[in-house]
Amino acid sequence: MRLHVLAMGFGVLAACASAPPRVAAPIDWVPWTRASSLRWYDCEPGSTLVERHERGTGEPAYEVRRTRIGEPGIYARLKAERLGPNGAEPSTTGRLVAPPWALALWAIPEPEERFIRHDVFQVDGSPLEVDVLRRTTPLRTGCDTGACPCENDALVEEVWYRRSRLVSEGAVRILFDPHRSRITHSAGCAGPPRGSAPDSRGMVETRAATALDVPFSLQKDIHRCMRVRTWDSSGVPVESLECPSVLEGRAMWQRPGPRLKGVPTLATIQVVSFDCR
Numbered sequence: 037m038r039l040h041v042l043a044m045g046f047g048v049l050a051a052c053a054s055a056p057p058r059v060a061a062p063i064d065w066v067p068w069t070r071a072s073s074l075r076w077y078d079c080e081p082g083s084t085l086v087e088r089h090e091r092g093t094g095e096p097a098y099e100v101r102r103t104r105i106g107e108p109g110i111y112a113r114l115k116a117e118r119l120g121p122n123g124a125e126p127s128t129t130g131r132l133v134a135p136p137w138a139l140a141l142w143a144i145p146e147p148e149e150r151f152i153r154h155d156v157f158q159v160d161g162s163p164l165e166v167d168v169l170r171r172t173t174p175l176r177t178g179c180d181t182g183a184c185p186c187e188n189d190a191l192v193e194e195v196w197y198r199r200s201r202l203v204s205e206g207a208v209r210i211l212f213d214p215h216r217s218r219i220t221h222s223a224g225c226a227g228p229p230r231g232s233a234p235d236s237r238g239m240v241e242t243r244a245a246t247a248l249d250v251p252f253s254l255q256k257d258i259h260r261c262m263r264v265r266t267w268d269s270s271g272v273p274v275e276s277l278e279c280p281s282v283l284e285g286r287a288m289w290q291r292p293g294p295r296l297k298g299v300p301t302l303a304t305i306q307v308v309s310f311d312c313r
């Protein structure tokens with residue numbers, strides 16, 4: 037009897053050892069084949085986006101509902117309504133969103149990109165093959181608030197794209213090249229982009245992907261996203277979750293808030309829902 041039981045035990049072990057490994061079920065992503073992310077001008081009036089704002093100061097969170105209003109067309113006029121603990125607050129209007137090709141009407145110069153090499157970038161501990169391009173952007177653009185670029189300034193960057201990148205995916209890394217850029221350091225002119233400390237070549241990292249193909253669940257759908265670290269104008273690192281299939285192209289992002297006991301705080305904004313009609 038004991039030998040029979042032992043034989044059965046060995047048989048079970050052998051069956052387990054010979055069983056094929058379990059393979060995780062593939063994620064059913066929201067399909068996305070557009071060359072750019074979903075924007076307001078892709079949606080009809082009545083479309084909405086709801087964001088939850090978490091403040092790093094410990095104050096109560098609140099929501100903001102944005103609604104496209106006005107007539108159908110390429111220019112999207114938005115209304116914003118803040119929903120707090122005490123209900124809705126007075127709404128504001130006036131934001132106007134236009135498609136990228138319409139920017140040509142304002143004579144914004146196109147950046148020039150040139151392939152320079154193949155390279156490897158570490159993302160979340162794994163090597164990633166990338167194409168590295170040198171991007172030169174003339175900064176002769178008008179602006180009405182803050183410091184503006186000075187005439188003939190130019191921004192030169194190394195832009196890293198993964199070779200097998202998906203449609204509409206952004207760069208996995210951007211390095212600012214202060215040696216080739218022309219940035220005028222004078223009163224009233226915008227300064228160079230902030231980022232990490234310069235590396236051995238003097239390059240400053242201003243964007244870095246920290247995770248690829250990150251799932252984000254929204255209204256029972258799973259969106260494919262990329263987690264990205266950038267730096268704000270004062271040099272504070274901020275995180276975001278870029279998702280081309282979510283309205284406005286991102287599902288979560290951070291921005292610096294007020295200082296608390298001398299320590300800077302970060303506000304986190306996350307998309308709660310959106311309805312693109």
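Convert by adding 36 to the 1-based position in the sequence shown; the result is the number in the working numbering.
All C-beta atoms in this analysis are idealised placements derived from N, C-alpha and C, irrespective of residue type, glycine included.
| request: Whole angstroms is fine: what's the gap from ARG291's alpha carbon to VAL307's? | output: Along the sequence shown, one-based indexing puts residue 291 at 255. Along the sequence shown, one-based indexing puts residue 307 at 271. Their Cα atoms are separated by approximately 15 Å.
| task | Tell me, please, which residues DSSP counts as bridged to ALA112. | result | Within the sequence shown, numbered from 1, the residue matching residue 112 stands at position 76. Bridge partners of ALA112: VAL133.
| request: Indicate whether ASP160 and LEU175 have their beta-carbon atoms separated by less than 8 Å. | output: Looking up residue 160 in the sequence shown gives position 124. Looking up residue 175 in the sequence shown gives position 139. Not closer than 8 Å, so no.
| query | For ALA247, which beta-bridge partners are listed by DSSP? | reply | One-based indexing of the sequence shown puts residue 247 at position 211. DSSP lists ARG263 as partners of ALA247.
| For GLY298, which three-state DSSP category applies? | Locating residue 298 in the sequence shown gives position 262, counting from the first residue. In the structure shown, GLY298 falls within a coil segment according to DSSP collapsed to helix, strand and coil.
| said: Suppose you measure from the CA of GLU217 to the CA of GLU149; what does that come to, to the nearest Å? | reply: Taking the first residue of the sequence shown as position 1, residue 217 is located at position 181. Taking the first residue of the sequence shown as position 1, residue 149 is located at position 113. A small correction: the amino acid at residue 217 is Ser; Glu does not occupy that position in the sequence shown. If I take the Cα positions, the gap works out to 14 Å.
| said: What ranges does the beta strand (DSSP E) occupy inside the stretch 183-214, keeping only unbroken runs of at least 3 residues that lie completely in it? | reply: Scanning the stretch 183-214 from its first residue to its last, the whole beta strand (DSSP E) runs of 3-plus residues come out as 190-198, 209-212.
| TRP76 in three-state terms, based on DSSP | By one-based count along the sequence shown, residue 76 stands at place 40. Residue state, collapsed to three classes: helix.
| Inter-residue CB distance, ARG243 and ILE210 (contact presumed, cutoff 8 Å) | Taking the sequence shown and counting its residues from 1, one reaches residue 243 at position 207. Taking the sequence shown and counting its residues from 1, one reaches residue 210 at position 174. About 4 Å separates the beta carbon of ARG243 from that of ILE210, a gap short enough to meet the 8 Å contact definition.
| DSSP-derived helix/strand/coil call for GLY120 | Locating residue 120 in the sequence shown gives position 84, counting from the first residue. Strand at GLY120.
| How far does the beta strand (DSSP E) with GLU99 in it reach, from first residue to last? | The sequence position of residue 99 within the sequence shown is 63, counting from 1. Unbroken beta strand (DSSP E) run through GLU99: 98-105.
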